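Trainee: Below is the structure I would like to discuss, written out as structure tokens.
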Amino acid sequence: MAVQCLRTNEGDMAVCGGVNGIFTPESFLRHSFIGAQSFDDDLGLLLLKQLSDAERDGDPIEAN
Numbered sequence: 001m002a003v004q005c006l007r008t009n010e011g012d013m014a015v016c017g018g019v020n021g022i023f024t025p026e027s028f029l030r031h032s033f034i035g036a037q038s039f040d041d042d043l044g045l046l047l048l049k050q051l052s053d054a055e056r057d058g059d060p061i062e063a064n
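See below:
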């Protein structure tokens, strides 16, 4: 949806992201029983802009 927003010029920037939530004790216990590390919750966000806008604004470009 974020990319579509940029492609159709509905906005100058778009935020996209995702989460990994572990909400039950069983999730942690399963890892513990086999001696594995039990990972925590995660969150990732990206601010997307048109390449020309990012270059004009002097933003660091990580991918294109």
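Under full-length UniProt numbering, read the sequence shown as residues 1 to 64, first letter to last.
Idealized CB from N, CA, C, for every residue including glycine.
Given the structure is predicted, the values throughout are model-derived calculations rather than measurements.
Does the Cβ-Cβ distance between Leu51 and Asn64 come in under 8 Å?
Mentor: Sequence index remark: in the sequence shown, residue 51 carries index 51 (1-based). Sequence index remark: in the sequence shown, residue 64 carries index 64 (1-based). Closer than 8 Å, so yes.
Trainee: Looking at Leu45: is its Cβ nearer than 8 Å to the Cβ of Val15?
Mentor: Looking up residue 45 in the sequence shown gives position 45. Looking up residue 15 in the sequence shown gives position 15. Against a cut-off of 8 Å, the Cβ pair of Val15 and Leu45 comes out as a contact.
Trainee: Out of curiosity, what's the CA-to-CA distance linking Pro60 and Leu48?
Mentor: Here residue 60 refers to the residue found at position 60 when the sequence shown is read from its first residue. Here residue 48 refers to the residue found at position 48 when the sequence shown is read from its first residue. Each residue's alpha carbon lies about 12 Å from the other.
Trainee: Grab me the residues of Ala54's own chain with a C-beta within less than 7 Å of its C-beta, minus the 5 sequence neighbours each way, in chain order.
Mentor: On the sequence shown, residue 54 is found 54 positions in, with the first residue counted as 1. Result list for Ala54: Ile61, in chain order.
Trainee: Output needed for Gly17: all residues of its chain with C-beta closer than 8 Å, excluding positions within five of it in sequence on either side, in chain order.
Mentor: Taking the sequence shown and counting its residues from 1, one reaches residue 17 at position 17. So the qualifying residues of the chain are Leu43, Gly44, Leu45, Leu46.
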